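Let me begin by presenting the structure, written as structure tokens, before commenting on it.
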Amino acid sequence: MSAREEILGRIRTALKDNPEAPQIPRQYRQTSPLDESALIELLVDRLVDYKAQVSVVDAAGVPARIAELLAGAHSYVVPTGIDAGWLTGLDQGSGDSRRRLDSTAAPLSVAELDGIDAVVTGSAVAVAETGTIILDGSPNQGRRAISLVPDHHICVVKAADIAGILPEALRRIDGTRPLTMISGPSATSDIELERVEGVHGPRKLDVIIAR
Amino acid sequence: MSTFLGMPSLPVYGTGNLFASESFPTAAHRELGNAQLRANLGHATHTIRDKRLKMVAELPDWEQLRDAGSAIKESVMARLPELLEQFEENFTARGGVIHWARDADEANAIVAGLVRDTGETEVVKVKSMATQEIGLNEYLEEQGITAFETDLAELIVQLDHDKPSHILVPAIHKNRTEIRDIFLREMPGADPQLTDDPAVLAMAARAHLRRKFLSAKVAVSGANFALADSGTLAVVESEGNGRMCLTLPETLITVMGVEKLLPTWQDLEVFMQLLPRSSTGERMNPYTSLWTGVTEGDGPQNMHLVLLDNGRSAALADEMGRSALHCIRCSACMNVCPVYERTGGHAYGSTYPGPIGAILSPLMTGIQAEENNSLPYASSLCGACYDACPVKINIPDILVHLRSVDVDSKRGKKKLPSQMDAGMKAASWALSSGKRLGLIEKGLPLGRLVAGPDQKITKLPGIAAGWTQSRDIPAPPQESFRSWWAKEHRKPDTSSAPEPSHEKKDQP
Numbered sequence: 001m002s003a004r005e006e007i008l009g010r011i012r013t014a015l016k017d018n019p020e021a022p023q024i025p026r027q028y029r030q031t032s033p034l035d036e037s038a039l040i041e042l043l044v045d046r047l048v049d050y051k052a053q054v055s056v057v058d059a060a061g062v063p064a065r066i067a068e069l070l071a072g073a074h075s076y077v078v079p080t081g082i083d084a085g086w087l088t089g090l091d092q093g094s095g096d097s098r099r100r101l102d103s104t105a106a107p108l109s110v111a112e113l114d115g116i117d118a119v120v121t122g123s124a125v126a127v128a129e130t131g132t133i134i135l136d137g138s139p140n141q142g143r144r145a146i147s148l149v150p151d152h153h154i155c156v157v158k159a160a161d162i163a164g165i166l167p168e169a170l171r172r173i174d175g176t177r178p179l180t181m182i183s184g185p186s187a188t189s190d191i192e193l194e195r196v197e198g199v200h201g202p203r204k205l206d207v208i209i210a211r
Numbered sequence: 001m002s003t004f005l006g007m008p009s010l011p012v013y014g015t016g017n018l019f020a021s022e023s024f025p026t027a028a029h030r031e032l033g034n035a036q037l038r039a040n041l042g043h044a045t046h047t048i049r050d051k052r053l054k055m056v057a058e059l060p061d062w063e064q065l066r067d068a069g070s071a072i073k074e075s076v077m078a079r080l081p082e083l084l085e086q087f088e089e090n091f092t093a094r095g096g097v098i099h100w101a102r103d104a105d106e107a108n109a110i111v112a113g114l115v116r117d118t119g120e121t122e123v124v125k126v127k128s129m130a131t132q133e134i135g136l137n138e139y140l141e142e143q144g145i146t147a148f149e150t151d152l153a154e155l156i157v158q159l160d161h162d163k164p165s166h167i168l169v170p171a172i173h174k175n176r177t178e179i180r181d182i183f184l185r186e187m188p189g190a191d192p193q194l195t196d197d198p199a200v201l202a203m204a205a206r207a208h209l210r211r212k213f214l215s216a217k218v219a220v221s222g223a224n225f226a227l228a229d230s231g232t233l234a235v236v237e238s239e240g241n242g243r244m245c246l247t248l249p250e251t252l253i254t255v256m257g258v259e260k261l262l263p264t265w266q267d268l269e270v271f272m273q274l275l276p277r278s279s280t281g282e283r284m285n286p287y288t289s290l291w292t293g294v295t296e297g298d299g300p301q302n303m304h305l306v307l308l309d310n311g312r313s314a315a316l317a318d319e320m321g322r323s324a325l326h327c328i329r330c331s332a333c334m335n336v337c338p339v340y341e342r343t344g345g346h347a348y349g350s351t352y353p354g355p356i357g358a359i360l361s362p363l364m365t366g367i368q369a370e371e372n373n374s375l376p377y378a379s380s381l382c383g384a385c386y387d388a389c390p391v392k393i394n395i396p397d398i399l400v401h402l403r404s405v406d407v408d409s410k411r412g413k414k415k416l417p418s419q420m421d422a423g424m425k426a427a428s429w430a431l432s433s434g435k436r437l438g439l440i441e442k443g444l445p446l447g448r449l450v451a452g453p454d455q456k457i458t459k460l461p462g463i464a465a466g467w468t469q470s471r472d473i474p475a476p477p478q479e480s481f482r483s484w485w486a487k488e489h490r491k492p493d494t495s496s497a498p499e500p501s502h503e504k505k506d507q508p
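Chains as they are written, first to last, in the numbering used here: chain A, 1 to 211; chain B, 1 to 508.
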């Protein structure tokens, strides 16, 4: 008998008493009553609590803010599908020589990514209550590796993409995409349960919330 | 479990690191002698308890989430064969390969074979209870394959050639100075000026592992959740070591117990609210990765999943105990447990310590395996674990159930009745009638005699000596409540009844 058949057989035998699958009570909150400005305020509070740096700007102010945050970077990577308008603050004449493009069709190697200082991506949806940003690998967010290896992640969140609570956010995305949920910069509590920010993932997380 | 006698497949128990090799009281006694350990544990468990309470209090619907989580898991167990088949179909359709492992040995052999097929001799690992349970690292080492633990606490434990003592924070028994010393001793190229500041130690781990991450071709992980309706796997973590392992290598091998399934994507909204707040006391853990088979051009292109039984089907066969399989490995139960807080995780022997381990280990191995029958007694039954459990596993009830399984398993095996048997027989005789009890209580003054002038009994005879090993028993009262009551409530005769003499009663 194959292991598969045997294990399934054992499980069926274990369930000989035919336990009933209960109805799932879903009395927990499904929506949040907050309006856009309250959502932004809550998201900022939670991100700051987890030591992310946050700025809230008008959509038109995004390029300038990105340029400002990248001022000290020798190089940065962006996914090819990034909103072109976001990079206008960095383009003087023929474009920015510090910029590297990445896509699934033309991916940078891990070693190349390791030599790059920063990354700029968009995001799929954010959860205000938990300070979580979800990336789903869409063209404006790119491959998972680019938002992981460079040490500084600049992530743009559009106000319309902020959900109040987790159930609302998960309803907005396709669970079969490669997903990364990010809540602050990487951290550990492994030494005496004291939280330390910045381990293997990007040690610096900048979130730009675009109204 | 007697109903399964004669069935084609009896419960088949698990192997690997699930056993207490010495009885809990013996191990606990030794661990309690380590004052540093107790100090480290007390500090750590209290820190995390406070954080958890604060985060749980923030959610107005915490109890509703627990109700949903509990029901979802109950439904998973009831529908397990069907959900496993559904998951397999979806995972396979998305380019993943499923392997089934009956026990620890089979799982280890599968993983080693998969690594060998890649031609690599090194793997990076994301913290995983399942691979700890099957002893994968040790097995791979025998096969000439080096496994590098990348979670900070696992790294500390691995560098120190120690065993994890907590499922979430495996190095919870070490303080910062001890960790600094381990790094200085075992980490090649560690800065001799290394301080014991946690931030500095975390940076040392980053530097140590960075090159490994960037060059690794094969990773081994566990999984926190698997969604049957899509074939999606999830890993919940903090440091980014998980993302590194799940994203950069070419081959990913995940080892997961069969009970980890959730039926649908929607169910994730419940568990991703329950788990982070219960485990690290955070609103959300820094990173969660979800992947559904192979995504072209993004992440590992060879995706394997080893589905592990190793005694889970045996636990499932125990109708009273099967809800132990609802466990999502948050560790809230150990953080609130007065026993764990003092003995630490090593005293439980098994990979799974604390209250959940005290039920899960014997359920997976059978109560008679090695010293696992001592584990259900490693509890005062205070119920703090039940209150803290995000999926409402009634651990105290299952502990009591397993104690009875233990007693039943020994019944009729010994030629001579033990002191316990004799004591229980006597108690059963005495307690089954008020008259008999009254008769026995007449002997109370004898106890006062034994207690002597300081009115304390410091040593009981026989097995009862265990009780007086670390505490005294106060002398019994001069008379029993029963006889006092009878005296006070006698039909009034001629003279006036004396005032009840409360003040003369002895204090317990």
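Virtual Cβ for every residue (Gly too), placed ideally from N, Cα, C.
Bear in mind that the values here come from a model prediction, so they are computed numbers and not experimental data.
When we look at the beta-carbon of residue i and count the other beta-carbons within 10 Å, is it buried (16 or more) or exposed?
i, result
"A:Gln27", "exposed"
"B:Trp467", "exposed"
"B:Thr351", "buried"
"B:Leu532", "The question about residue 532 of chain B has no answer, for chain B in this structure spans 1 to 508."
"A:Arg172", "exposed"
"B:Phe24", "buried"
"B:Leu446", "exposed"
"A:Asp190", "buried"
"B:Ser70", "buried"
"A:His18", "First, the amino acid is wrong: residue 18 of chain A is Asn here, not His. A:Asn18 is exposed by the Cβ-count criterion."
"B:His489", "exposed"
Spatial neighbours of residue i within its chain, please: C-beta separation below 6 Å, excluding the five flanking residues on both sides.
i, result
"A:Leu108", "Asp102"
"A:Val149", "Leu113, Asp114"
"A:Gln53", "Asp206"
"B:Lys51", "Gly281"
"A:Ala169", "Val125, Val127, Ala163"
"B:Gly14", "Asn310, Gly311, Met364, Thr365"
"B:Val294", "Gly95, Gln301, Met303"
"A:Leu87", "none"
"B:Gln158", "Glu149"
For a test of the three-state rule: what should DSSP assign to residue i, helix, strand or coil?
i, result
"B:Cys389", "coil"
"A:Val149", "coil"
"B:Met334", "helix"
"B:Pro474", "strand"
"B:Met1", "Confidence in B:Met1 is poor, its pLDDT being 42 and thus under 50, which makes the residue's placement unreliable; the coordinate value appears in the next sentence. Note: B:Met1 maps to coil in three-state DSSP."
"B:Ala378", "coil"
"B:Lys442", "coil"
"B:Thr343", "helix"
"A:Val199", "coil"
"A:Tyr231", "For chain A, the structure presents residues 1 to 211; residue 231 of chain A sits outside this window and is missing."
"A:Thr13", "helix"
"B:Asn108", "helix"
"A:Asp206", "strand"
"B:Glu237", "strand"
"B:Phe213", "helix"
"A:Pro79", "strand"
For residue i, which residues in the same chain have their Cβ closer than 8 Å to its Cβ, ignoring the five residues on either side in sequence?
i, result
"A:Asp174", "Asp136"
Out of the options, which has the shortest C-alpha to C-alpha gap to residue i?
i, options, result
"B:Gly349", "B:Leu416, B:Glu31, B:Phe213", "B:Glu31"
"B:Gly240", "B:Gln301, B:Arg283, B:Val126", "B:Val126"
"B:Glu237", "A:Glu194, A:Ile182, A:Lys204", "A:Ile182"
"A:Val127", "A:Leu8, A:Ser32, A:Asn18", "A:Ser32"
"A:Pro202", "A:Leu8, A:Gly72, A:Ala145", "A:Ala145"
"B:Ala101", "A:Glu5, A:Val78, A:Ser123", "A:Glu5"
"B:Pro338", "B:Arg49, B:Gln132, B:Asn34", "B:Arg49"
"B:Pro474", "B:Leu460, B:Lys487, B:Leu136", "B:Leu460"
"B:Glu441", "B:Pro477, B:Tyr340, B:Thr131, B:Gly423", "B:Pro477"
Here's a check: name, in chain order, each residue in its chain whose Cβ is nearer than 7 Å to the Cβ of residue i, leaving out the five neighbours to either side.
i, result
"B:Glu370", "Phe19, Ala20, Ser21"
"B:Gly144", "Thr121"
"B:Gly383", "Pro396"
Which residues, in chain order, does the segment 50-84 of chain A contribute to contact with chain B at a C-beta distance below 7 Å? none
If you measure beta-carbon to beta-carbon, which residues of the segment 25-45 of chain B are closer than 7 Å to chain A? His43, Ala44
Members of the segment 206-219 of chain B that neighbour chain A once the beta carbon cut-off is set at 9 Å: Arg206, Leu209, Arg210, Phe213, Leu214, Ser215
What are the residues in the segment 284-297 of chain B lying within 7 Å of chain A by C-beta distance? Within the segment 284-297 of chain B, contact with chain A at the beta-carbon level (separation under 7 Å) is assigned to Met284, Asn285, Pro286, Tyr287, Thr288, Ser289, Leu290, Trp291, Thr292, Thr295, Glu296, Gly297.
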